[in-house]
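*Asks:* What follows is a structure written as structure tokens; I'll ask about it next.
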Amino acid sequence: MLAELACFEQKCHATFPLTEAIYNCTHCGGLIEVRFTEARIDQESLGKLWRERRTSNRMLDQSGVWRYRELLPFDGFDQRAVSLREGNTPLLDAPRAAEYGGLDRLTFKHQGYNPTGSFKDNGMTCGVTQALRLGRKRVACVSTGNTSASMAAYASAAGLDPIVFIPRGNISYGKLAQALEYGARTLQIDANFDQILALVRVLAERAGIYLLNSINPFRIEGQKTIIFEMLDQRDWDPPDWIVLPGGNLGNTSAFGKALRELLQFGFIRKMPRLAVIQAEGAAPFYEFMQTGGEFRSVREPRTLATAIRIGDPVSWPKALYEVTESHGVVEKVSEQEIADAKAIIGRCGIGCEPASAATLAGIRKLTHSGVIRRDADVVAVLTGNVLKDPDYIYQYHTGQLKDPEGRLIEPRFGNQPVVVPNDTDAISKILEG
Ligand code: F0G
370 MLAELACFEQ
380 KCHATFPLTE
390 AIYNCTHCGG
400 LIEVRFTEAR
410 IDQESLGKLW
420 RERRTSNRML
430 DQSGVWRYRE
440 LLPFDGFDQR
450 AVSLREGNTP
460 LLDAPRAAEY
470 GGLDRLTFKH
480 QGYNPTGSFK
490 DNGMTCGVTQ
500 ALRLGRKRVA
510 CVSTGNTSAS
520 MAAYASAAGL
530 DPIVFIPRGN
540 ISYGKLAQAL
550 EYGARTLQID
560 ANFDQILALV
570 RVLAERAGIY
580 LLNSINPFRI
590 EGQKTIIFEM
600 LDQRDWDPPD
610 WIVLPGGNLG
620 NTSAFGKALR
630 ELLQFGFIRK
640 MPRLAVIQAE
650 GAAPFYEFMQ
660 TGGEFRSVRE
670 PRTLATAIRI
680 GDPVSWPKAL
690 YEVTESHGVV
700 EKVSEQEIAD
710 AKAIIGRCGI
720 GCEPASAATL
730 AGIRKLTHSG
740 VIRRDADVVA
750 VLTGNVLKDP
760 DYIYQYHTGQ
770 LKDPEGRLIE
780 PRFGNQPVVV
790 PNDTDAISKI
800 LEG
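When you line the sequence shown up against my numbering, it's residues 370 to 802, in that order.
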């Protein structure tokens, strides 16, 4: 669809062509978003077309992102999209997790089934395609791990040169390994995510490198399709709640925008409520929603859920708008709560990385406080694959996991490996016990 870039600030609304590489408004410094300049949508035939594409062998149709290209701002350039068949992630029923969370029923939309194992692929296919459209050769991001893994894969697939910046010692090995394997130049810095982002923005500007953090509006457009696909899978029947973890708050922005567009174009008749869950040691958005006033960043964010270890989330103004529009809530959860919820998701045969498990921990808190009703229709988005952070898993189950304060986390749902002798009778005895 025809679109333009626009300043997100209501009082500014400056507009820019889609082919301008900007991340903040040059007039007021506000965030940039994609805005459609036409509204000619035949919702019924589009819904049918999207469904038919699921049986097609064309790359664009098979992608769970580009299948919805009519609501993406590429207008023909999508024919040159770089795709690794992202999206197409399942909705999974999880009765055990529902019970733990205080719900009759709970469904997970598992973004960990993506090609590089996280929801970042939905956005990255669009971000890298935009880099191609702009004729850029080098792309960069700062990352707590998943963005860098995803960017490395898509940039390399597109023949571009990926440069990733990561906080040294603060990303999981699974994610670092991916960036290396996918051929990214990987620069580790002794600073946290927020500090490195400030630095990378200057570097990108200076060296003409295209920046692919979630401040990039084309990433947000791609992440909208997580919601498009979720609602398509539910035959456009919106749930009461959509629960997701909050770090830099790009996904919160994307989900809200997607829901508003689906409502505007008549795909859904009701707006689900967003519930954003943060880790206690990295919860600036939660604190802001509690107290109001000025937005205060957390200078030294701390959590074992390293994916969401972010103290100064760039997209908070968009997230504030989307949470407010959806009558949503923001909650925070402890390290123990995240670890236990994660083990429960594992016992459902599903599994996820720590940041994703904040969703179930948050649901448990929100049902206990009566914000979410037991009979509510809830979809929680699991953002990353279980194998992203195996160290965390092993330490939890063997009672060695310590929170950032050095306190042991209790393995309430621990599952210790047992050493047995190489002896059939002895093993039989143990199995009977
Ligand atoms: N879950 C996972 C697994 C993530 O990797 C991230 C963010 C989030 C949740 C939070 O999403 O930032 O949109 O609120 N990871 C980024 C990265 C920051 O660099 O990979 P958000």
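Idealized CB from N, CA, C, for every residue including glycine. Values in this document were obtained by computation on a predicted structure and should not be read as measured data.
Where do the N-terminal and C-terminal ends of the alpha helix (DSSP H) with V747 fall, by residue?
*Replies:* Here residue 747 corresponds to residue number 378 of the sequence shown, with the count starting at 1. Not the alpha helix (DSSP H): V747 falls in the beta strand (DSSP E), residues 747–751.
*Asks:* Below 7 Å CB to CB, which residues in the same chain sit around N784 once its five sequence neighbours on both sides are set aside?
*Replies:* Translated into positions along the sequence shown, residue 784 becomes position 415. Around N784: H766.
*Asks:* Who are the Cβ neighbours of P386 in its own chain at under 8 Å, not counting the five residues just before and after it?
*Replies:* Against the sequence shown, residue 386 aligns to sequence position 17. Here the set comprises E373, L374.
*Asks:* For A521, which residues of its own chain have a beta-carbon under 7 Å away from its beta-carbon, when the five flanking residues on both sides are left out?
*Replies:* For this step, residue 521 is matched to residue 152 along the sequence shown. Only P531, V533, Q547, A548, Y551, G552, A553 meet the Cβ criterion.
*Asks:* Ordered along the chain, which non-local residues of its own chain (more than five positions away) have a Cβ less than 6 Å from that of R671?
*Replies:* Counting from 1 along the sequence shown, the entry for residue 671 is found at position 302. The residues are G650, P773.
*Asks:* At what residue ranges does the stretch 476–530 contain a whole run of the beta strand (DSSP E), taking only runs of 3 or more?
*Replies:* Listed in chain order, they are 507–511.
*Asks:* Where does Y551 fall in DSSP's three states?
*Replies:* The count along the sequence shown starts at 1 and reaches residue 551 at position 182. Here Y551 sits in coil by DSSP.
*Asks:* Can you tell me whether R422 is helix, strand or coil according to DSSP?
*Replies:* Your numbering for residue 422 matches position 53 in the sequence shown. Helix, per DSSP.
*Asks:* Could you name the residues of the same chain whose beta carbon sits closer than 8 Å to that of R465, not counting the 5 residues immediately before and after it, in chain order?
*Replies:* Translated into positions along the sequence shown, residue 465 becomes position 96. Cβ within range, chain order: I713, R716, C717.
*Asks:* Excluding the five sequence neighbours on either side, which residues of its own chain have a C-beta within less than 7 Å of the C-beta of Y437, listed in chain order?
*Replies:* Within the sequence shown, residue 437 is the residue found at index 68, counting from 1. Once the five neighbours on either side are set aside, the close Cβ partners of Y437 are W419, T594, F597.
*Asks:* Quick check: T735 and A710, are their CB atoms within less than 7 Å of each other?
*Replies:* Here residue 735 refers to the residue found at position 366 of the sequence shown. Here residue 710 refers to the residue found at position 341 of the sequence shown. According to the sequence provided, residue 735 is Leu. The question's Thr does not apply to it. The answer is no: Cβ separation not under 7 Å.
*Asks:* For T384, collect the residues of the same chain with a Cβ closer than 8 Å to its Cβ; drop the 5 residues on either side in sequence, then sort them by chain order.
*Replies:* Sequence index remark: in the sequence shown, residue 384 carries index 15 (1-based). Same-chain partners within the cutoff: E373, L374, A375, C376, R404.
*Asks:* Please report the Cβ distance between V612 and I646, rounded to the nearest whole angstrom; I am assuming they are in contact, meaning their Cβ atoms lie under 8 Å.
*Replies:* Position 243 of the sequence shown, counted from the first residue, corresponds to residue 612. Position 277 of the sequence shown, counted from the first residue, corresponds to residue 646. Contact holds; Cβ gap of about 7 Å.
*Asks:* Nearest to I762 by alpha carbon, out of A623, G720, L800?
*Replies:* The sequence position of residue 762 within the sequence shown is 393, counting from 1. When only C-alpha atoms are compared, the closest one is G720.
*Asks:* If you draw a straight line from the C-alpha of V789 to the C-alpha of S797, how long is it?
*Replies:* Numbered from its first residue, the sequence shown carries residue 789 at position 420. Numbered from its first residue, the sequence shown carries residue 797 at position 428. So the alpha carbons of these two residues sit roughly 10 Å apart.
*Asks:* So L628 packs on S695, CB below 8 Å; how close in whole Å?
*Replies:* Residue 628 sits at position 259 when you count from the first residue of the sequence shown. Residue 695 sits at position 326 when you count from the first residue of the sequence shown. Yes, L628 and S695 are in contact; Cβ-Cβ is about 7 Å, under 8 Å.
*Asks:* From the DSSP output, read off the bridge partner residues of W610.
*Replies:* One-based indexing of the sequence shown puts residue 610 at position 241. Answer by DSSP bridge pairing, in chain order: R642, V747.
*Asks:* Below 8 Å, can you find three or more Cβ-Cβ pairs linking the stretch 614–622 to the stretch 570–579?
*Replies:* Contact fails: fewer than three Cβ-Cβ distances are below 8 Å.
*Asks:* Please name the residue or residues paired with P536 in a DSSP beta bridge.
*Replies:* The residue you call residue 536 lines up with position 167 of the sequence shown. Answer is I558, bridged to P536.
*Asks:* In the DSSP assignment, the alpha helix (DSSP H) including V702 goes from what residue to what residue?
*Replies:* On the sequence shown, residue 702 is found 333 positions in, with the first residue counted as 1. Per DSSP, V702 belongs to no alpha helix (DSSP H); it is in the beta strand (DSSP E), 698–702.
*Asks:* Run the proximity test for S541: is its beta-carbon closer than 6 Å to any non-hydrogen atom belonging to the ligand F0G?
*Replies:* Numbered from its first residue, the sequence shown carries residue 541 at position 172. No, the Cβ of S541 stays beyond 6 Å of every heavy atom of the ligand F0G.
*Asks:* Any idea what DSSP makes of A652, helix, strand or coil?
*Replies:* What you label residue 652 is simply residue 283 of the sequence shown in a count that begins at 1. In the structure shown, A652 sits in coil (DSSP, three-state: anything other than H, G, I, E or B).
*Asks:* Can the beta-carbon of E489 be found less than 7 Å from the beta-carbon of T516?
*Replies:* For the purposes of this step, residue 489 is identified with residue 120 of the sequence shown, where counting begins at 1. For the purposes of this step, residue 516 is identified with residue 147 of the sequence shown, where counting begins at 1. Note on residue identity: the sequence assigns Lys, not Glu, to residue 489. The answer is yes: Cβ separation under 7 Å.
*Asks:* Classify Y579 as helix, strand or coil using the three-state DSSP reduction.
*Replies:* Within the sequence shown, residue 579 is the residue found at index 210, counting from 1. Correct three-state label for Y579: strand.
*Asks:* In the structure shown, what three-state DSSP assignment does Q647 receive?
*Replies:* Your numbering for residue 647 matches position 278 in the sequence shown. Residue state, collapsed to three classes: strand.
*Asks:* So is the beta-carbon of S512 under 6 Å away from any non-hydrogen atom of the ligand F0G?
*Replies:* On the sequence shown, position 143 is the one that residue 512 refers to. Yes.
*Asks:* Nearest to Q379 by alpha carbon, out of M599, E389, G398?
*Replies:* Walking along the sequence shown from the start, residue 379 turns up at place 10. Here the closest residue by C-alpha is G398.
*Asks:* Identify the residues that DSSP records as bridge partners of I584: which are they?
*Replies:* Taking the first residue of the sequence shown as position 1, residue 584 is located at position 215. Looking at the DSSP assignment, I584 forms no beta bridge with any residue, so it has no partner.
*Asks:* Run the proximity test for L689: is its beta-carbon closer than 6 Å to any non-hydrogen atom belonging to the ligand F0G?
*Replies:* Position 320 of the sequence shown, counted from the first residue, corresponds to residue 689. Outside the cutoff, so no.
*Asks:* Closest to N393 by C-alpha separation, out of A567, F782, G416, would be which residue?
*Replies:* Residue 393 sits at position 24 when you count from the first residue of the sequence shown. Of the listed residues, the one whose Cα sits closest to N393 is A567.
*Asks:* Return the CA-CA distance between R427 and K417, expressed in angstroms with no decimal places.
*Replies:* Translated into positions along the sequence shown, residue 427 becomes position 58. Translated into positions along the sequence shown, residue 417 becomes position 48. Those two C-alpha atoms are separated by around 17 Å.
*Asks:* Short of 7 Å in beta carbon distance, which residues of its chain neighbour K771, apart from the five on each side in sequence? Order them along the chain.
*Replies:* Mapped onto the sequence shown, residue 771 falls at position 402. Contacts found: L777, I778.
*Asks:* Under DSSP, the alpha helix (DSSP H) around F624 begins and ends at which residues?
*Replies:* Taking the sequence shown and counting its residues from 1, the one referred to as residue 624 is at position 255. Start and end: 619–633.
*Asks:* For the beta strand (DSSP E) containing V403, list its first residue and its last residue.
*Replies:* The residue labelled residue 403 in the question sits at position 34 within the sequence shown. Element bounds for V403: 401–405.
*Asks:* To the nearest angstrom, how far is the alpha carbon of A745 from that of I558?
*Replies:* As a position in the sequence shown, residue 745 is number 376, starting the count at 1. As a position in the sequence shown, residue 558 is number 189, starting the count at 1. Taking the straight line joining both Cα atoms gives about 44 Å.
*Asks:* Give me the Cβ distance between T752 and G514, rounded to the nearest whole Å; I'm assuming they're in contact under 8 Å.
*Replies:* Here residue 752 refers to the residue found at position 383 of the sequence shown. Here residue 514 refers to the residue found at position 145 of the sequence shown. No, T752 and G514 are not in contact; Cβ-Cβ is about 11 Å, not under 8 Å.
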